[in-house]
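Asker: Residue numbers (my numbering), protein chains in the order written: chain A, 1168 to 1640; chain B, 176 to 405.
Got a structure here, written out as structure tokens. Questions coming.
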Amino acid sequence: MKPSTALLLARPAGAADRGRFLLIAGSVALAGALLLAAVHILRLPADGASGVVELGPLSPDSERGRGLSDYLTDGGLRPGVMIAALLLAVPVLALTVQSLRVGSVARDRRMASLRLAGATPRDVRTVAAAEAGGGAIAGALLAGPAYLLLWLLVGILPPSGMRMLDAPHALDLLAWAALVPLAGAAGALAGAAIQGRILVAPLGVRRRNRPPAPGRASRAALIAGIALIVTSIAAVPLLAPHSAGALGLLILAMLGLLLAAFAGGPRLVLASARVLARRSGAEALLAARRLRADPCSAGRVAGVLVVCGVALGVEAVLVAELLLDGGLDDQGGFYLAGYGMAALAVLVAAAVALLTLLVGAADGLLDARRPLATLSVLGVDEQALVRVLARQLSATAVPAVVAGALAGGPGFALLIATSNDERALEAATRALLPAGFAAVAAAFVLATAARLAARLLRSLIRTAIDPENLRVA
Amino acid sequence: MTDQPFAPVLEMTAVEHAYRRTVALRGISLSVEAGEIVAVTGPSGCGKSTLLHAAAGIIRPQAGSVRLLGHELETLDETARTQLRRRRVGIVLQFGQLVPELPILENVALPLLLDGHERASAYTAAKEWLDRAGLEVAGDTPPAELSGGQAQRVAVARALVTGPAVIFADEPTGSMDTIGGEHLLELMLGAARDHGTAVVLVTHDNVVAAHADREVRLRDGRVETVAVLR
Chain A
1168 MKPSTALLLA RPAGAADRGR FLLIAGSVAL AGALLLAAVH ILRLPADGAS
1218 GVVELGPLSP DSERGRGLSD YLTDGGLRPG VMIAALLLAV PVLALTVQSL
1268 RVGSVARDRR MASLRLAGAT PRDVRTVAAA EAGGGAIAGA LLAGPAYLLL
1318 WLLVGILPPS GMRMLDAPHA LDLLAWAALV PLAGAAGALA GAAIQGRILV
1368 APLGVRRRNR PPAPGRASRA ALIAGIALIV TSIAAVPLLA PHSAGALGLL
1418 ILAMLGLLLA AFAGGPRLVL ASARVLARRS GAEALLAARR LRADPCSAGR
1468 VAGVLVVCGV ALGVEAVLVA ELLLDGGLDD QGGFYLAGYG MAALAVLVAA
1518 AVALLTLLVG AADGLLDARR PLATLSVLGV DEQALVRVLA RQLSATAVPA
1568 VVAGALAGGP GFALLIATSN DERALEAATR ALLPAGFAAV AAAFVLATAA
1618 RLAARLLRSL IRTAIDPENL RVA
Chain B
176 MTDQPFAPVL EMTAVEHAYR RTVALRGISL SVEAGEIVAV TGPSGCGKST
226 LLHAAAGIIR PQAGSVRLLG HELETLDETA RTQLRRRRVG IVLQFGQLVP
276 ELPILENVAL PLLLDGHERA SAYTAAKEWL DRAGLEVAGD TPPAELSGGQ
326 AQRVAVARAL VTGPAVIFAD EPTGSMDTIG GEHLLELMLG AARDHGTAVV
376 LVTHDNVVAA HADREVRLRD GRVETVAVLR
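And the structure:
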């Protein structure tokens, strides 16, 4: 197939296509801006001055690096800021992956029509790759302006001494230029891989290879992730604090956490669905069945929320230690402000994760119009379906964040106690209280957000249960 | 892919196919000559559509052989069968099955574009076939704005745009009124006769079947009768 034909067939035409394209481009732009920020912070020299290119009135300060927050100028704290930027990009990328699946029913129908018109299975994958790659390239191109916006928000508007980014450097342009083809290639590969799981025949979708439950590969990834966390953390005390080796181990531990969280996410969702199914009531049962039908999409979000929970648990332990150790003197205030910013970052990540759940749920409603219309005919009303959706969302989000906080807080306390030759078990037990408090607070916030999110989808539910869908959907 | 020298465009021998426990075809044999118009008729569930899908290589029958334009379909992989359909076969289904996101000109040009033709020449050929189909709408009209009859005419134009050796049509007039159906048959069968294209036409409508050279009537997955009509 000629590239021009692939582009012709991949251009967004229907409302679902346009929505998918915008979601992909928007999420890639945001993730790209965060990655560019992380790379920028990584390049900062030890004294905090970055060798900025002066941009006249756009420069935050005439003097290089001046006005940057101590969280960036302090070589020991800067990696934390960089890792926070990287971790913030993770939920946004999860939103990208979810966005690739938006409008799958309409797309399947289009792909089947293409097959009938003479497109080979490879042609269909090429079209899917061009579609996803195009959205990712558009997003990567927008990542530059998004980075400038980020700089405006955290590098110009805050008062001097609290800025988290300095003026863009010529090397940022290079990083941006590199991001565009990389994002395009990654998007195309992801698009082709997702399409590759669906066997589209000229008469419609013949088989959708969606594993009903996480298999051996995910179990291996979960074990590998946990092993990576344990070995990295065990090795940290052996290296000099703030050394490159220690930073490398910390990043490895983070990668292990991500691997374990994303591999464990679908298992957590399935476990949650099993608990839900045991409760009495049709709504709980319906919510459980919907979760079991596709644990992987919800599992990705659960993975993100596990990481958010870990971050909250660690923060809760740090804040508790800070308050116990001497309260809010100047240094305490400095750290407390840092924890506040980190909490804000976790909140943003959790909000993006919820948005991902919402996108998936909305798409699921459109996919399931006929069965939902059938339920409506059987007497399940709109209110009941809103409650089913709220249960489905909270059953994904709440256990994930609680598990993350309860594992993260005591785990972190264990690490600190081990490296300081203190009683590890006692420290971990003591950490359960602040971590539990963080878990309960986060669970309450997420359950409330899930109820609100379900109400947001009420009009879509109303459309989905229209009896007309029994005939045409 | 080069077609082998052949006399019949389609030869099906002892073809059998079942969907789980439901047997659709029970040892069907059928031969269609170049330029011949064959109507496949019979009651609902007798296997008409399955026969057409097997003949066009859309499904792989579980037993027997299908030789289409000199190619043994069971020896071709999915890509090769698709390429054969794209270049030498036209398909018209009951509801047109147009690509909803593409305007009608691009829908008709699609088989040529997929085959690597230049866009300008593909569009010219598509425009020509849309004109011949007698559609009084612009080429940039989306399929959603067409009536059922108009959509079927676009589907016929798309089936004919590559100059196929054989057309498979499954209830092409099934969603149309009598006059619309007559017009569609005139378009499809007229073009087929002009170009020496064979047509295999699945229908349950005797009026439609009367346009064929031969009628093959199925019952319970078997050929019940064969009647030469002209």
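Glycine residues also receive a C-beta, built at the ideal position from the N, C-alpha and C atoms.
1) Counting only C-beta atoms, is B/Arg-196 closer than 8 Å to chain A at any point?
2) Between B/Gly-291 and chain A, is any beta-carbon pair separated by less than 8 Å?
3) Should B/Ala-325 and B/Val-312 be called a contact, given that it needs their Cβ atoms to be closer than 8 Å?
4) Given a threshold of 16 other Cβ atoms within 10 Å of its Cβ, counted over all protein chains shown, does B/Gly-299 qualify as buried or as exposed?
5) Report the rounded CA-to-CA distance for A/His-1207 versus A/Asp-1588, giving the unit in angstroms.
6) Buried or exposed, going by whether 16 or more other CB atoms sit within 10 Å of the CB of B/Glu-281?
7) Since B/Lys-223 contacts B/Val-215 with CB under 8 Å, what's their CB separation in whole angstroms?
8) What residue range does the alpha helix (DSSP H) around B/Thr-337 cover?
9) What in chain A is Cβ-close to B/Glu-253, meaning under 8 Å?
10) Looking at the secondary structure, which residues open and close the alpha helix (DSSP H) in which B/Glu-399 lies?
11) Pick out whichever of A/Leu-1235, A/Arg-1292, A/Ala-1192 has its Cα sitting closest to the Cα of A/Ile-1304.
12) What is the rounded straight-line gap between the Cα of B/Asp-388 and the Cα of B/Ala-209?
13) Give me whichever residues DSSP pairs with B/Thr-216 in a beta bridge.
14) Would A/Asp-1633 count as contacting chain B if we go by Cβ distances under 8 Å?
15) Kindly identify the DSSP beta-bridge partner or partners of B/Met-187.
16) Could you name the residues of the same chain whose beta carbon sits closer than 7 Å to that of A/Ala-1469, not counting the 5 residues immediately before and after it, in chain order?
17) Is it true that the CB of A/Ala-1621 sits closer than 8 Å to the CB of A/Ser-1560?
18) Could you tell me which residues DSSP puts in a beta bridge with A/Asp-1184?
19) Go to A/Ala-1411, then tell me how far its alpha helix (DSSP H) extends in each direction, as first and last residue.
20) Please list the partners that A/Ser-1280 has in chain B, where partner means a Cβ-to-Cβ separation under 8 Å.
21) Quick one: grab the DSSP three-state call for A/Glu-1230.
22) Anything in chain B within Cβ reach of A/Trp-1172, meaning under 7 Å, just list it in chain order.
23) Shortest alpha-carbon distance to B/Pro-236 belongs to which of B/Glu-211, B/Ser-204, B/Gly-265?
24) Got a sec: which bits of the stretch 291-323 of chain B sit with their beta carbon under 7 Å from any beta carbon on chain A, in order along the chain?
25) In this structure, what does DSSP give as the bridge partners for B/His-192?
26) So, is B/Val-124 buried or exposed, given that buried needs 16 or more other C-beta atoms within 10 angstroms?
27) Is the beta carbon of A/Leu-1346 closer than 8 Å to that of A/Leu-1491?
28) Does B/Leu-285 have its Cβ less than 8 Å from a Cβ in chain A?
29) Helix or strand or just coil, what does DSSP make of A/Glu-1221?
30) Using the C-alpha atoms, what's the distance from A/Met-1278 back to B/Glu-249?
31) Rounded to the nearest angstrom, how far is the Cβ of A/Ala-1273 from that of A/Ala-1401, given a contact under 8 Å?
32) Assuming A/Ser-1439 and A/Leu-1416 form a contact by the criterion Cβ under 8 Å, report the distance between their Cβ atoms to the nearest whole angstrom.
33) Along the chain, where does the beta strand (DSSP E) that runs through A/Leu-1366 open and close?
34) For the pair the stretch 244-259 of chain B and the stretch 304-320 of chain B, tell me if three or more CB-CB distances fall below 8 Å.
35) The alpha helix (DSSP H) spanning B/Ala-229 covers which residue range?
36) Hey, would you say B/Val-383 sits closer than 8 Å to B/Thr-353, going by beta carbons?
Answerer: Looking at the coordinates:
1) no
2) yes
3) Going by the sequence as given, residue 325 of chain B is Gln instead of Ala. Yes, Cβ-Cβ distance for B/Gln-325 and B/Val-312 is below 8 Å.
4) One detail in the question is off: residue 299 of chain B reads as Thr in this sequence, not Gly. That one is exposed.
5) 36 Å
6) buried
7) 5 Å
8) It is not in any alpha helix (DSSP H) - B/Thr-337 carries neither H nor E in the DSSP assignment.
9) Thr-1287, Pro-1288
10) Run containing B/Glu-399: none in the alpha helix (DSSP H); it sits in the beta strand (DSSP E), 397-403.
11) A/Ala-1192
12) 12 Å
13) B/Arg-392
14) no
15) B/Leu-205, B/Val-241
16) Gly-1432, Leu-1435, Val-1436, Thr-1563, Ala-1567
17) According to the sequence as given, residue 1560 of chain A is Leu; it is not Ser. In this structure, A/Ala-1621 lies closer than 8 Å to A/Leu-1560 by Cβ.
18) The partner list for A/Asp-1184 (beta bridge, DSSP) is empty, contrary to what the question assumes.
19) 1411-1445
20) Gln-272, Leu-273, Val-274, Pro-275
21) Annotation note: pLDDT 46 at A/Glu-1230 (below 50); position unreliable, no value reported.
22) Checking the displayed sequence, the identity of residue 1172 of chain A turns out to be Thr instead of Trp. Those are Leu-288, Leu-289, listed as they occur along chain B.
23) B/Ser-204
24) Gly-291, Arg-294
25) B/Leu-200
26) Nothing can be reported for residue 124 of chain B, as the shown portion of chain B is limited to 176 through 405.
27) no
28) yes
29) For A/Glu-1221, the pLDDT reaches just 42, beneath the cut-off of 50, and the residue's location in the model is therefore unreliable, although a value from the coordinates is still provided. A/Glu-1221: coil per DSSP, three-state reduction.
30) 24 Å
31) Contact doesn't hold; Cβ gap of about 50 Å is too wide.
32) With 8 Å as the limit, A/Ser-1439 and A/Leu-1416 do not qualify as a contact, their Cβ atoms being about 32 Å apart.
33) 1365-1368
34) no
35) 223-230
36) no
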